[in-house]
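Structure record follows, encoded as structure tokens.
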């Protein structure tokens, strides 16, 4: 079954304790992306990756890191989480059509993060 | 930054009625437009990816049109059903935004039985 998986689905942590949210897709997609969703602010892109070892900042990258060592995995790292990073996080992936155009994105189930 | 506007913000429609809403975006440097459907407590699901001016796409009772010259897309739902209740998001792609994807704030659709 084609899917994007994220772990953990729920996480409560304390300020400053490093954490990683994993994302994996089994569709051989080139493009992967992380979003956060906050009430009244919609979906905002954190980081994206065009392919292995190619990553770039989205609109809200501060406080996050990513890596793309394998095509299927795109972990999101919070080195020192703060309460303002409490949010719902989505990972997504898609084929890259070329000429700057992405195909439809497949979203993971989401990770609800609370930082106290 | 690619400015995206969706209107209306929310919409209440009687079951069985048809409805439509708008996504507006800068017409210069347009590459593609994505439409997504997002039900509460679920993940966004792709509806359409549109690239050509005049494009029309259809999936069941949902269809979309694209006007790249004036910078807008319409999403239509024919004969609304309760399961159509969701937030509908659009995300245009333009070369000025490189490979970023910027979503509109969405139109929240509620269907009254």
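Protein chains in written order, with the working numbering: chain U, -4 to 111; chain F, 2 to 114. Glycine included, C-beta positions come from ideal geometry on N, C-alpha and C. Since the model is a prediction, treat every value here as computed from it, not as a measurement.
Candidates the options: closest to residue i by CA position
{"i": "residue -4 of chain U", "options": "U:64, U:110 and U:101", "result": "U:101"}
{"i": "residue 83 of chain U", "options": "U:19, U:40 and U:91", "result": "U:40"}
{"i": "residue 4 of chain F", "options": "F:11, F:52, F:30 and F:14", "result": "F:30"}
{"i": "residue 10 of chain F", "options": "U:37, U:104 and U:79", "result": "U:37"}
{"i": "residue 67 of chain F", "options": "F:22, F:13 and F:14", "result": "F:22"}
{"i": "residue 28 of chain F", "options": "F:61, F:104 and F:54", "result": "F:54"}
{"i": "residue 27 of chain U", "options": "U:19, U:2 and U:34", "result": "U:19"}
{"i": "residue 71 of chain F", "options": "F:52, F:26, F:93 and F:110", "result": "F:26"}
{"i": "residue 103 of chain F", "options": "U:3, U:30 and U:-2", "result": "U:30"}
{"i": "residue 48 of chain U", "options": "U:35, U:34 and U:67", "result": "U:67"}
{"i": "residue 69 of chain U", "options": "U:56, U:54 and U:87", "result": "U:87"}
{"i": "residue 85 of chain U", "options": "U:65, U:10, U:71 and U:35", "result": "U:71"}
{"i": "residue 23 of chain U", "options": "U:-1, U:32 and U:34", "result": "U:-1"}
{"i": "residue 99 of chain U", "options": "F:6, F:12 and F:34", "result": "F:34"}
{"i": "residue 93 of chain F", "options": "F:74, F:56, F:60 and F:12", "result": "F:74"}
{"i": "residue 91 of chain F", "options": "F:100, F:12 and F:106", "result": "F:106"}
{"i": "residue 47 of chain F", "options": "U:96, U:89 and U:95", "result": "U:89"}
Helix, strand or coil at residue i according to DSSP, with G and I counted as helix
{"i": "residue 70 of chain U", "result": "coil"}
{"i": "residue 46 of chain F", "result": "strand"}
{"i": "residue -2 of chain U", "result": "coil"}
{"i": "residue 56 of chain F", "result": "coil"}
{"i": "residue 32 of chain U", "result": "strand"}
{"i": "residue 2 of chain F", "result": "At residue 2 of chain F the pLDDT is 47, less than 50, meaning the model places this residue with poor confidence; the figure from the coordinates comes in the next sentence. Residue 2 of chain F falls in the coil class under three-state DSSP."}
{"i": "residue 21 of chain F", "result": "strand"}
{"i": "residue 80 of chain U", "result": "helix"}
Beta-carbon contacts of residue i that lie in its chain and below 8 Å, excluding the five residues immediately before and after
{"i": "residue 6 of chain U", "result": "14, 16, 106, 107, 108 and 109"}
{"i": "residue 16 of chain F", "result": "81, 82, 83, 112, 113 and 114"}
{"i": "residue 50 of chain U", "result": "42, 43, 44, 61, 62 and 63"}
{"i": "residue 65 of chain U", "result": "47"}
Residues bridged to residue i (per DSSP)
{"i": "residue 97 of chain U", "result": "U:91"}
{"i": "residue 93 of chain F", "result": "F:34"}
{"i": "residue 46 of chain U", "result": "U:49"}
{"i": "residue 9 of chain U", "result": "Bridge partners of residue 9 of chain U: none, in fact."}
{"i": "residue 109 of chain F", "result": "F:11 and F:88"}
{"i": "residue 107 of chain U", "result": "U:5 and U:83"}
Residues of its chain near residue i, where Cβ-Cβ distance is below 6 Å and the 5 sequence neighbours each way are ignored
{"i": "residue 64 of chain F", "result": "77"}
{"i": "residue 14 of chain F", "result": "20, 81 and 112"}
{"i": "residue 8 of chain F", "result": "23"}
{"i": "residue 46 of chain U", "result": "25"}
{"i": "residue 45 of chain F", "result": "37 and 39"}
{"i": "residue 11 of chain U", "result": "75"}
{"i": "residue 9 of chain U", "result": "111"}
{"i": "residue 109 of chain F", "result": "11 and 88"}
{"i": "residue 56 of chain F", "result": "67"}
Own chain, CB closer than 7 Å to residue i, minus 5 neighbours either side, in chain order
{"i": "residue 58 of chain U", "result": "73, 77 and 80"}
{"i": "residue 69 of chain F", "result": "28, 31 and 54"}
{"i": "residue 79 of chain F", "result": "19 and 62"}
{"i": "residue 104 of chain U", "result": "1 and 4"}
{"i": "residue 58 of chain F", "result": "49, 51, 64 and 65"}
{"i": "residue 6 of chain F", "result": "25 and 105"}
Test: residue i CB closer than 7 Å to a CB of chain B
{"i": "residue 33 of chain F", "result": "No chain B is present in this structure, whose protein chains are U and F."}
- State whether the region 81 to 92 of chain F contacts the region 24 to 42 of chain F, with contact taken as three or more CB pairs (one from each stretch) at a distance under 8 Å. yes
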